[in-house]
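Please read the structure below before turning to the comments.
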DNA sequence: GAGCCTATGTCAAACTACTGACATGGAGCA
DNA sequence: TGCTCCATGTCAGTAGTTTGACATAGGCTC
């Protein structure tokens, strides 16, 4: 029934948690007509207006091409603005529209609820340790 | 530069680790001409021969439809066998071919190396705690 | 200024994955 | 038996993602 020693791999449990988390986020976002990548994109643009497509791709851990598709949809839905010409280089600074900010605000409550459910059994100190461990794991694999 | 309080969300760090992990696995598997979903599928079939498409989908945390595509590719590559008729119900029990088992064995070493890099900075006790926490997080979100 | 390197945006093709839908086989119950 | 219910396999469509490739803009060195 259980995956014996396979389930004892951190990589496998990470995939499991991420799959459940993604499903929970998608479910919470569905009522706001947003997908998880779209939400992440809106959140990043709210935090740091003027980011370019390439900036967003780096921060969301996806390729420029993937983010470009997400932005095309967001722009088509009227949630973000893209200038027609680049003020410097080729980077096009993106910003939330009023509707984009409103949709983000409405969706954020559901996302925070998911985060609380995720960490429901962890106290503040355990959460700090976990965040540090996850960060170290990412760096030891990429660096 | 950094994501301020956004990076302090466990969900964000999970996504980050999973993205880096997936990239590391893909890189290690590329020399064996396997993708990550294909590898997971082979590993599960090695552990429990005779699993059906739906069984594999559940254990790999994807839909039946997604796993069906993976299996179609694996079958086309001659790494797994599917009976033409179902011995019971509609479930088709799958098994590794000799070549499938050989490819899995060759790829497994690289995967274990990735797992060791992932947990390089954790001792045995910390790893146990982390596994338990990840498991709890998955259950508190899905249950 | 000329040439080289990097970063950026974009196009194309393929893969992975999802939702929605449908038909089929088995089990359980009236 | 006949009916419902559930699990399974499968098809179609859509979204997200990737790799590979290309052209363009700026910064850099010479």
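Residue numbers (UniProt numbering), protein chains in the order written: chain A, 1 to 143; chain B, 1 to 143. The beta-carbon is built from N, C-alpha and C at its ideal position, and this holds for glycine as well. Predicted model only: the values in this text are computed from it and were never measured.
Buried versus exposed call for residue i [16 or more other C-beta atoms within 10 Å across all chains shown]
{"i": "residue 1(A)", "result": "With a pLDDT of 41 at residue 1(A), under the threshold of 50, the modelled position of that residue is not reliable, and the figure given next carries that caveat. By the neighbour-count rule (16 or more Cβ atoms within 10 Å), residue 1(A) is not buried but exposed."}
{"i": "residue 17(A)", "result": "buried"}
{"i": "residue 47(A)", "result": "exposed"}
{"i": "residue 60(B)", "result": "buried"}
{"i": "residue 31(A)", "result": "exposed"}
{"i": "residue 103(A)", "result": "buried"}
{"i": "residue 69(A)", "result": "exposed"}
{"i": "residue 52(B)", "result": "buried"}
{"i": "residue 132(B)", "result": "exposed"}
Beta carbon proximity, residue i to chain B, threshold 7 Å
{"i": "residue 115(A)", "result": "yes"}
{"i": "residue 16(A)", "result": "yes"}
{"i": "residue 56(A)", "result": "no"}
{"i": "residue 47(A)", "result": "yes"}
{"i": "residue 79(A)", "result": "no"}
Contacts that residue i makes with chain A (C-beta to C-beta distance below 8 Å)
{"i": "residue 76(B)", "result": "Chain A residues near residue 76(B): none, gap ~25 Å exceeds 8 Å."}
{"i": "residue 119(B)", "result": "10, 137"}
{"i": "residue 127(B)", "result": "10"}
Among the options, nearest to residue i - alpha-carbon criterion
{"i": "residue 50(A)", "options": "82(A), 22(A), 29(A), 75(A)", "result": "82(A)"}
{"i": "residue 136(B)", "options": "119(A), 141(A), 125(A)", "result": "119(A)"}
{"i": "residue 36(B)", "options": "78(B), 53(B), 111(B)", "result": "111(B)"}
{"i": "residue 109(A)", "options": "43(A), 14(A), 5(A)", "result": "43(A)"}
{"i": "residue 12(A)", "options": "94(B), 41(B), 96(B), 65(B)", "result": "41(B)"}
{"i": "residue 78(A)", "options": "114(A), 100(A), 34(A)", "result": "100(A)"}
{"i": "residue 94(A)", "options": "28(A), 54(A), 141(A), 14(A)", "result": "54(A)"}
{"i": "residue 74(A)", "options": "98(A), 123(A), 20(A)", "result": "98(A)"}
{"i": "residue 10(B)", "options": "138(A), 142(A), 130(A)", "result": "130(A)"}
{"i": "residue 138(A)", "options": "8(B), 20(B), 6(B)", "result": "20(B)"}
Below-7 Å beta-carbon distance, residue i vs any chain A residue
{"i": "residue 11(B)", "result": "yes"}
{"i": "residue 1(B)", "result": "Low per-residue confidence applies at residue 1(B): pLDDT is 41, beneath 50, and the placement is therefore not dependable enough to give any value."}
{"i": "residue 106(B)", "result": "no"}
{"i": "residue 91(B)", "result": "no"}
Nearest-angstrom Cβ-Cβ length linking residue i and residue j, presumed shorter than 8 Å
{"i": "residue 92(A)", "j": "residue 80(A)", "result": "Actually they do not touch by this definition, with Cβ atoms about 11 Å apart."}
{"i": "residue 114(B)", "j": "residue 28(B)", "result": "6 Å"}
{"i": "residue 117(B)", "j": "residue 140(A)", "result": "6 Å"}
Under 7 Å by beta carbon: chain B residues contacting residue i
{"i": "residue 142(A)", "result": "20"}
{"i": "residue 130(A)", "result": "10, 133"}
{"i": "residue 144(A)", "result": "Residue 144(A) cannot be examined here, being either before or after the span of chain A that is shown, 1 to 143."}
Listed by chain order, chain A residues near residue i by CB distance under 7 Å
{"i": "residue 99(B)", "result": "Correct list: empty, because the minimum Cβ distance to chain A is about 21 Å."}
{"i": "residue 24(B)", "result": "141"}
9 Å Cβ cut-off: residues of chain A touching residue i
{"i": "residue 122(B)", "result": "10, 133, 136, 137"}
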